[in-house]
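Residue numbers for the sequence shown follow my numbering, so the first one is 2 and each next one is one higher. A quick write-up on the structure given underneath.
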Amino acid sequence: CLRQADAILVVAMGNRKPQSQTLMRELLSTNQDGVRTNKELILLWPEHTATPTGTHEWLKDTYYSGHHHIRAPKRMFQWTLKKTRKSSREMIHPTNEQEIVEFYEKNVFWTVDFRSDFARIARILTGNAIGLALGGGGARGAAHVGVLRALRERGIPVDIVGGTSIGALVGGVYAGTPDERVEERTRKWFSGMTSLWRKVLDLTYAHSAMFTGAQLNKSLQDLFDDKEIENLWIPYFCISTDITTSELRVHRSGPLWAYCRASMSLAGYLPPMCDPQDGHLLLDGGYVNNLPADVMRSMGAKRVIAVDVGASEETNLYNYGDSLNGLWVLMKRLNPWADPIRILNMEEIQTRLAYVSCVRQLEVVKKAPYCSYFRPAIEPFKTLEFNKFDEILAIGYEYGKDKIESLMDTDEFNTLLIGGNTHRLHRQVSKTKRAPLMERSSSFTDLAAALSKIPTVRPVLRHSMSAYDQVDDVFEDLDFFDQSDADNELSQSDFNDASEASDAEADLVNRYTTCTPRP
């Protein structure tokens, strides 16, 4: 059975420690039976949980392909066990299964929340994930926060987030708190970076770098506390450059602050970060991949939104021929009447050499068919202008709004959002014959999205009412039907709305919103 599965989902309660995994190891590890399918760990948490913990204990065995944290509604934890006695022996039976099925039919299958954790795991497992790749660029990274606000207001979900340098920081904040608190937390960090006193205290003899890095370390520890990457709500990664082995490093587990610090360590200014796991020396990921949209794609994202805030390199340089006299350049600069010329100095030449591979990779990303390239107008701002957070954020927000509007007009992007009609989360429904729950040919994506939101209603089904009366009562509560329609006929306006819906939406309506007529 396992050999024929497309994916194996291991579902567990996240707030409980893993028990003996001997059986799991036997079933899931690659063995002589050839069980090599995709294996995903899904940890369920009560919806009020602030931050997942203890994920490392679940991931000690390496047979999982990935893991996901799901915030589940309280009702999923309220079904109790009923005890009965039979032949003087106590037996435990779960709550009546039909009762649970009826409850979900009445109160769950009518709503869709595209930004819920259930909808996210459905898109990831079905190959329709939306990824957000955030590039490096120092203080210009405040534009990332503006783009995130635009995405949130438009209802665009982010299933995977990753970044380089300042993009790693903003992405880490968002993955841990995927809501409006991102702005408050990043603004506070930016404000701390403007302190001149901190910079003075961090200066040192420039053997490996101008600063010790201690002040930046403290600011990141204050921002992230002791969070581990594997404990973030949204799947996350960041990029660094390993100068020990001369390769790109993708970090998906371990201390969040440490790997963000590594991804932000600009050579000359900060010393390389020693990897907490293997001791390798890590520098800014921008030297190898400043906008990791290709890495995001390799992790399963079908559509990648890539936000570039890097510096634009000047190309209008002076042609001085086949030799250059430094004294002549100096005199040119000192002469107030001479025409200005632009010639790179040694530091600028070394910097451009360091970013050669990154620039080449950026051009590939821009042309990639899976990538939606965002470039806010942040050229006037410098890398260290952290005091202009709100101004840069506003530019990113306005650009993001316009770009997202044009993006939403494309059918390809809309198909990722279950039926392509994100503005109609609650659909018009018809009072036609309802098929039994088990006879529906619903897709996993539809089902997971439907299970993602449970409205606050009565905690116990009222058995004193007939099944048909209960259904009508729920419909009345949720305002799905025109109650003035006494003869149970579909109104003309509802019919017109349904006719204009897409094929995918009409299919969902037929599957989830039909009802057996009264006898």
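Just so you know, even glycine gets a beta-carbon here, dropped at the ideal spot from N, CA and C.
- Item | Simplified DSSP state of E181, which is helix, strand or coil | coil
- Can you tell which of M347, L394, G177 and S241 has its C-alpha closest to the C-alpha of N232? G177
- Query: Taking just the CA atoms, how far does V330 sit from N346?
  - Reply: 10 Å
- Item | Cβ pair S60, E41 closer than 8 Å | The amino acid at residue 60 is misidentified as Ser; the sequence shows Leu. It is not a contact, given that the beta carbons lie outside the stated cut-off.
- Query: Just how far apart, CA to CA, sit G173 and Y270?
  - Reply: 22 Å
- Query: Straight-line CA distance for M14 to W46?
  - Reply: 7 Å
- Item | Beta-carbon gap between H145 and G128 smaller than 8 Å | no
- Query: What residue from E48, I161 and V12 has the CA that sits closest to A294's CA?
  - Reply: I161
- Message: Assuming W46 is part of the alpha helix (DSSP H), what are its boundary residues?
- Response: Unbroken run through W46 is the beta strand (DSSP E), N39 to P47; no alpha helix (DSSP H).
- Mind checking who D521 pairs with in its DSSP beta bridge? As shown, the chain starts at 2 and ends at 520. That puts residue 521 outside it, with no answer to give.
- Message: If you measure between the beta carbons of G156 and V305, is that distance less than 8 Å?
- Response: With a cutoff of 8 Å on beta-carbon distance, G156 and V305 are scored as not near each other.
- With respect to the beta strand (DSSP E) encompassing G164, which residues constitute its N-terminal and C-terminal limits? I161 to T165
- Boundaries (first-last residue) of the beta strand (DSSP E) holding I342: Counting along the chain, no beta strand (DSSP E) covers I342, and no H or E run does either.
- Query: Helix, strand or coil: which one does DSSP assign to G193?
  - Reply: helix
- Item | Cα-Cα separation between L354 and L363, rounded to whole angstroms | 15 Å
- Message: Excluding the 5 residues flanking L282 on each side, which residues of the same chain have their C-beta closer than 8 Å to its C-beta?
- Response: D243, I244, T245, P273, M274, C275 and D276
- Task: Have a look at A140, L292, G137 and R199 and flag the residue whose alpha-carbon is nearest the alpha-carbon of T213.
- Result: R199
- Query: Using DSSP with H/G/I as helix, E/B as strand and the rest coil, what is V262?
  - Reply: Strictly speaking, residue 262 in this sequence is Arg, with Val absent from that position. Helix at R262.
- Query: Taking Cβ positions, are P158 and R186 nearer each other than 8 Å?
  - Reply: no
- Query: Quick one: what's S373 bridged to in DSSP?
  - Reply: In the DSSP assignment, the residues bridged to S373 are I306.
- Item | D403, buried or exposed, once every other Cβ within 10 Å from all chains shown has been counted against 16 | exposed
- Message: Going by DSSP, what residue range makes up the alpha helix (DSSP H) through L133?
- Response: Careful: L133 lies outside any alpha helix (DSSP H), inside the beta strand (DSSP E) at A130 to L135.
- Item | Under the three-state DSSP convention, the category L10 falls into | strand
- Item | Supposed contact pair C261 and L221 - C-beta distance, whole angstroms, cut 8 Å | 6 Å
- Of all the options F375, N16, V12 and N39, which has the alpha carbon lying nearest to the alpha carbon of R4? N39
- Task: Tell me whether E184 is buried or exposed, calling it buried when 16 or more other Cβ atoms sit within 10 Å of its Cβ.
- Result: buried
- Return the first residue and the last residue of the beta strand (DSSP E) that A73 is part of. G67 to A73
- Task: Assuming D279 and S264 form a contact by the criterion Cβ under 8 Å, report the distance between their Cβ atoms to the nearest whole angstrom.
- Result: Incorrect: roughly 16 Å between the Cβ atoms, too far for contact.
- Item | Nearest candidate by alpha-carbon position, reference R376, set E315, G137 and C359 | G137
- Would you mind stating whether R141 and V310 have Cβ atoms separated by less than 8 Å? yes
- Between G55 and V171, what straight-line distance do the alpha-carbon atoms span, to the nearest angstrom? 23 Å
- Query: For V461, does the three-state DSSP call read helix, strand or coil?
  - Reply: Here the model assigns V461 a pLDDT of 39, short of 50, so the residue's position is not dependable, and the following value carries that caveat. In this structure, V461 counts as coil in the three-state DSSP scheme.
- Identity of the residues DSSP links to M274 by a beta bridge: L283
- Task: Determine the closest residue to H252 out of V296, I396 and S196, with distance taken between C-alpha atoms.
- Result: V296
- Query: So L197 packs on Q216, CB below 8 Å; how close in whole Å?
  - Reply: That pair is no contact at about 11 Å.
- Item | Buried versus exposed call for N290 [16 or more other C-beta atoms within 10 Å across all chains shown] | buried
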